[in-house]
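Numbering (my numbering), first residue to last: 17 to 193.
Backbone N, C-alpha and C define an ideal beta-carbon position, used for all residues, glycine too.
Step one of this worksheet: look at the structure below.
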Amino acid sequence: MEAERLNSPSTSVITFEVLGHQLHFSQDPNSKHLGTTVWDTSMVFAKFLEKNCRKGRFCPSKLKGKRVIELGAGCGVAGFGMALLGCDVVSTDQIEVVPLLRRNVERNTSRILQMNSCSDSFGSIKVAELDWGNEDHIKAVGPPFDYVIGLRGASRGTFIADNNRIIRPQNHNYVGS
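The following block contains the structure:
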């Protein structure tokens, strides 16, 4: 008997618990765009934050108010992991993915705030279109950032060159999958 999968080509919504919150992420796994699928690595990253949030540099007291940019956010899972620890996150992707990302951010932010209206542990999360080579897009997201969540498989030269304009010069906090 095959184990039940959390994510499959027929799954349109992933329900995922992180840091005590049931989050729901819409996806379109049959789309031709990679950003419309909840990737396992984003869930692993969120669980890594959950497991390590009581110690070291991922504890909420050290992350509260830190600025984070999530490059290629897709459905937004990794960004929510950071926002739940008190970070102010800008989740970015290409224009084709932004409507789905925005829907996930609005739905989950609303759920979190309804459950914990007096909680100050949740930072913030907003959505922006970002084409790495577009100066107007880079300015619009409001650099610099303390942390960059990025995809390991991205074009490394472009990623580093563009991030030198995005991240604070004294920081080299690249968090990726």
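Candidates the options, of which the one nearest residue i by Cα
{"i": "C103", "options": "L117, V93, P76", "result": "P76"}
{"i": "Q130", "options": "A62, Q38, F32", "result": "Q38"}
{"i": "N120", "options": "V84, K48, I141, G166", "result": "I141"}
{"i": "T53", "options": "V29, L65, R70", "result": "V29"}
{"i": "K155", "options": "S126, D44, T108, K71", "result": "T108"}
{"i": "G166", "options": "K80, R127, G95", "result": "G95"}
{"i": "P115", "options": "V143, P160, E86", "result": "V143"}
{"i": "Q43", "options": "N132, L117, K63", "result": "L117"}
{"i": "F64", "options": "G97, S47, E86", "result": "G97"}
Sequence-distant residues of its chain with Cβ nearer than 7 Å to residue i (five each side left out)
{"i": "H153", "result": "E145, L146, D147"}
{"i": "M59", "result": "F32, V93"}
{"i": "L55", "result": "A small correction: the amino acid at residue 55 is Trp; Leu does not occupy that position in the sequence shown. Taken in chain order, the residues that qualify are G90."}
{"i": "H49", "result": "E112, V113"}
{"i": "K71", "result": "none"}
{"i": "V157", "result": "I85, V106, T108, A144, L146"}
{"i": "T125", "result": "I141"}
Cβ distance (whole Å) where residue i is taken to contact residue j below 8 Å
{"i": "P88", "j": "G51", "result": "Reading off the sequence shown, one finds Gly at residue 88, where the question assumed Pro. Correct: roughly 6 Å between the Cβ atoms."}
{"i": "F138", "j": "A99", "result": "6 Å"}
{"i": "N68", "j": "F74", "result": "5 Å"}
{"i": "V106", "j": "G90", "result": "Going by Cβ atoms, the distance from V106 to G90 rounds to 14 Å, so no, they are not a contact pair."}
Other residues of its chain near residue i: CB distance less than 6 Å, five sequence neighbours each side excluded
{"i": "E66", "result": "V34, L35"}
{"i": "L79", "result": "L101, G102, C103"}
{"i": "S171", "result": "Note that S171 has pLDDT 45, beneath the 50 cutoff, so the model's placement of it is unreliable and the number below is only indicative. Nothing listed; no residue qualifies."}
Same chain only: Cβ atoms within 8 Å of residue i, ignoring 5 sequence neighbours per side
{"i": "R127", "result": "H37, Q38, L39, H40"}
{"i": "S47", "result": "T53"}
{"i": "N132", "result": "F138"}
Residue i: CB within 6 Å of a non-hydrogen atom of the ligand GDP
{"i": "V164", "result": "This structure lacks the ligand GDP, and indeed carries no ligand of any kind."}
Legend entry - Continuous alpha helix (DSSP H) assignments of at least 4 residues falling wholly in the stretch 108-142: 114-131
Legend entry - Entirely enclosed beta strand (DSSP E) segments - the stretch 27-92, minimum 3 residues: 29-34, 37-42, 83-86
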